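A.B. asks: Quick one: this structure, given as structure tokens, is what I'll be asking you about.
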Amino acid sequence: MLINNKSFSIFTIFLLTSSMLALTQFSFNALAEEGDEDPLAEAGLSLIAIRNDTLDTNQDGDNDAIRVVVVFDTEQENTNLELRLIGEYKDKEVTEILQFTFSGQSNASLVYDAWASGEHDLRLQVVDQDGNIITTIPLSTYVLKPALQTPSIILALNAPQRIETGDECTISRIFADETGPRYGATGVRTFSGAPFTVLDSQNSLDCSHWPAGDYILKEAYRNDLGQTSEDWLNITIHNRPAPDFSLLVIGNGNSTDTECKVMLKQADEDIDFSPFQKIWRIQGSQVEGNIGDEFDCSTLPAGVHLISLEVINNELISAIDGINIVRIPGVDLTEEQKSTAPSRSYGEDTETESVGWISIGVLGLVVVVLSYLILVRVKDDDETLTMRDLGPTPMILSDGSPDAEGLPTTTDDEGVLWRQHPDGNHDWWDNELRIWVRW
0 MLINNKSFSI FTIFLLTSSM LALTQFSFNA LAEEGDEDPL AEAGLSLIAI
50 RNDTLDTNQD GDNDAIRVVV VFDTEQENTN LELRLIGEYK DKEVTEILQF
100 TFSGQSNASL VYDAWASGEH DLRLQVVDQD GNIITTIPLS TYVLKPALQT
150 PSIILALNAP QRIETGDECT ISRIFADETG PRYGATGVRT FSGAPFTVLD
200 SQNSLDCSHW PAGDYILKEA YRNDLGQTSE DWLNITIHNR PAPDFSLLVI
250 GNGNSTDTEC KVMLKQADED IDFSPFQKIW RIQGSQVEGN IGDEFDCSTL
300 PAGVHLISLE VINNELISAI DGINIVRIPG VDLTEEQKST APSRSYGEDT
350 ETESVGWISI GVLGLVVVVL SYLILVRVKD DDETLTMRDL GPTPMILSDG
400 SPDAEGLPTT TDDEGVLWRQ HPDGNHDWWD NELRIWVRW
């Protein structure tokens, strides 16, 4: 900040000097009295006054900044100076730089913001336009507490307590660092654990379409001042189960001239099935068009029909259910319909055809002759008939249990006994033939 000569009187300067920095001026006067060379004078400059003020910028009762005001005088025209206010904290230095041009008498102001809690040693360097340090003025040591926000990272999850694939899921990345950018010491943010690349510009991550699995998310930050911050977030995304539903039928087993409907019935009414794809099939052939949740089976002809419904959710997980629909011919059928429809009993009115006793007698005679011809062809010998080979010898032990021949065995959920060969092949035990069957 620059103040014009006209707005800053010499009288005011001397008041500030006498009230605030008598000690500083005394040190410069003492150097002059001892005859030491004054580097400022050699550069054609005179330090009229210097003042240090402690500031409490956030009004919390703790000093968090130092404002340094200096007043120079020169007889040269358009003098270019660079002021460097250097603060040292635990072997780390932070520099505030101000460049200005002035003629005659002028003042300059720099503010040093504390970036860590503790003691900060300050010094002021005066640099010429060629970058050469004219002099370094030691200032005081101050105990400061920063008002600038130190690095902080928060990963906030907005999702249901149990996350399933397709659920609304967002992760907010709340990041702040006022200290690093303030001193040109911005660091690097790193994010790990996500299935996709995460950029620093992404303040919110959409995890609605992440694959199912366990995720350990971590974001870390470190600026060039050595300040660090990190946060962890563990989430689990479960596979969404297949649509759970059943088929409700009206008119099954009725005649073709009555109403017939097959309707989808959800197991959980809280799940919205409206965006799901629904595919109806008759005997495995897909029904054209978007039928929705209800299939009109009243148009089906007499007979038995397999009606199936496949429901595919937004995650392409599908479930299929089917039912056999029986439709019997109606009462009032044309002759053409009767010829193509399955036979139906009409009780006492059902027409039947008599085969007659003669036909029965002829059929019986044919049976007797054929039986006789078969019997006379059988030779009468005492040799034991050879039994048909029924397959391998039963593989059982003396107690009646299967002989696993020393191989490891296991029984599956359906009660079938299995054994495994060293090469990885399996056999299953046929209880009827009592043999091992290669799988």
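Residue numbers (numbering that gives the first Met the number 0): 0 to 438.
In this text, a Cβ means the ideal position worked out from N, Cα and C, and glycines have one as well.
For clarity, every value in this text was computed on a predicted model and none was experimentally measured.
#1: What are the residues that DSSP puts in a beta bridge with F272?
#2: Measure the Cβ-Cβ separation of T53 and Y141 and say whether it is below 8 Å.
#3: Checking 8 Å against the spacing of the C-beta atoms, do A301 and R326 come in under that value?
#4: Does the distance from the C-beta atom of F244 to that of A266 stay below 8 Å?
#5: Run through DSSP, which three-state label would G86 get?
#6: Would you call the segment 37 to 44 and the segment 105 to 122 in contact, with 3 or more CB pairs under 8 Å?
#7: Measure the alpha-carbon distance for G179 versus N289 and round it to whole angstroms.
#8: So, helix, strand or coil for E163, using DSSP?
#9: Report the option in K144, V68 and L204 whose CA atom is closest to the CA atom of Q58.
#10: Give me the residue from P150, V68 and Q98 with the minimum Cα distance to I136.
#11: Give a yes or no on whether the C-beta atoms belonging to T164 and R239 are separated by under 8 Å.
#12: Please report the straight-line C-alpha distance between I12 and A48, rounded to a whole angstrom.
#13: Go ahead and label T189 buried or exposed: buried means 16 or more other beta carbons lie within 10 angstroms of its beta carbon, across all protein chains shown.
#14: Measuring only the C-alpha atoms, how far is T149 from A107?
#15: Assess, as a yes-or-no matter, whether the segment 164 to 173 is touched by the segment 191 to 203 under the definition of 3 or more beta carbon pairs within less than 8 Å.
#16: Could you pull out every residue in the same chain whose Cβ sits closer than 8 Å to the Cβ of Y220, ignoring the five residues on either side in sequence?
#17: In the DSSP output, which residue or residues are listed as bridge partners for G302?
#18: Please classify W356 as buried or exposed, where buried requires at least 16 neighbouring CB atoms within 10 angstroms.
#19: Can I324 and I311 be called in contact, C-beta distance under 8 Å?
#20: Measure the Cβ-Cβ separation of I373 and R433 and say whether it is below 8 Å.
#21: Restricting to Cα atoms, I'd like to know which of V261, W428 and S358 is closest to P401.
#22: Our contact map puts D129 next to L80 with C-beta atoms below 8 Å; I'd like the distance itself, whole angstroms only.
#23: How many Å lie between L44 and I132 at the Cα?
#24: Determine contact between the segment 189 to 198 and the segment 255 to 262, defined as no fewer than three beta-carbon pairs at a distance below 8 Å.
C.D. replies: Working from what's here:
#1: Indexing the sequence shown from 1 puts residue 272 at position 273. Its beta-bridge partners do not exist; DSSP assigns none.
#2: Locating residue 53 in the sequence shown gives position 54, where the first residue counts as 1. Locating residue 141 in the sequence shown gives position 142, where the first residue counts as 1. Cβ distance < 8 Å, so T53 and Y141 count as in contact.
#3: Indexing the sequence shown from 1 puts residue 301 at position 302. Indexing the sequence shown from 1 puts residue 326 at position 327. Cβ atoms of A301 and R326: closer than 8 Å.
#4: Residue mapping note: residue 244 aligns to position 245 of the sequence shown, counting from 1. Residue mapping note: residue 266 aligns to position 267 of the sequence shown, counting from 1. Yes, the Cβ-Cβ distance between F244 and A266 is below 8 Å.
#5: Position 87 of the sequence shown, counted from the first residue, corresponds to residue 86. Correct three-state label for G86: strand.
#6: no
#7: Here residue 179 is taken as the residue at index 180 of the sequence shown, counted from 1. Here residue 289 is taken as the residue at index 290 of the sequence shown, counted from 1. Cα to Cα, G179 sits roughly 60 Å from N289.
#8: As a first step, residue 163 is located in the sequence shown; it is residue number 164 there, counting from the start. It is a strand residue.
#9: The residue labelled residue 58 in the question sits at position 59 within the sequence shown. For the residues K144, V68 and L204, the minimum Cα distance to Q58 belongs to K144.
#10: On the sequence shown, position 137 is the one that residue 136 refers to. Nearest of P150, V68 and Q98 to I136, Cα basis: V68.
#11: Taking the sequence shown and counting its residues from 1, one reaches residue 164 at position 165. Taking the sequence shown and counting its residues from 1, one reaches residue 239 at position 240. Yes, these two residues count as a Cβ contact at 8 Å.
#12: Position 13 of the sequence shown, counting from 1, holds the residue named residue 12. Position 49 of the sequence shown, counting from 1, holds the residue named residue 48. For I12, the predicted structure reports a pLDDT of 36, less than 50, and the residue's modelled location is therefore unreliable. A value from the coordinates is still provided. About 7 Å.
#13: Within the sequence shown, numbered from 1, the residue matching residue 189 stands at position 190. With fewer than 16 other Cβ atoms within 10 Å, it is exposed.
#14: Here residue 149 corresponds to residue number 150 of the sequence shown, with the count starting at 1. Here residue 107 corresponds to residue number 108 of the sequence shown, with the count starting at 1. Cα-Cα distance, rounded: 28 Å.
#15: yes
#16: For the purposes of this step, residue 220 is identified with residue 221 of the sequence shown, where counting begins at 1. Same-chain partners within the cutoff: P150, I152, F174, D176, G186, V187, R188, T189, T227, S228 and E229.
#17: Here residue 302 refers to the residue found at position 303 of the sequence shown. In the DSSP output, where bridge partners are listed per residue, G302 has R326.
#18: Walking along the sequence shown from the start, residue 356 turns up at place 357. Exposed, since its Cβ has fewer than 16 Cβ neighbours within 10 Å.
#19: Counting from 1 along the sequence shown, the entry for residue 324 is found at position 325. Counting from 1 along the sequence shown, the entry for residue 311 is found at position 312. Contact flag unset, no.
#20: If you number the sequence shown from 1, residue 373 lands on position 374. If you number the sequence shown from 1, residue 433 lands on position 434. No, the Cβ-Cβ distance between I373 and R433 is not below 8 Å.
#21: On the sequence shown, residue 401 is found 402 positions in, with the first residue counted as 1. Taking only the C-alpha atoms, the option nearest P401 is W428.
#22: Working through the sequence shown from its first residue, we reach residue 129 at position 130. Working through the sequence shown from its first residue, we reach residue 80 at position 81. Not really, about 11 Å apart at Cβ, beyond 8 Å.
#23: What you label residue 44 is simply residue 45 of the sequence shown in a count that begins at 1. What you label residue 132 is simply residue 133 of the sequence shown in a count that begins at 1. L44 and I132: Cα-Cα distance of roughly 13 Å.
#24: no
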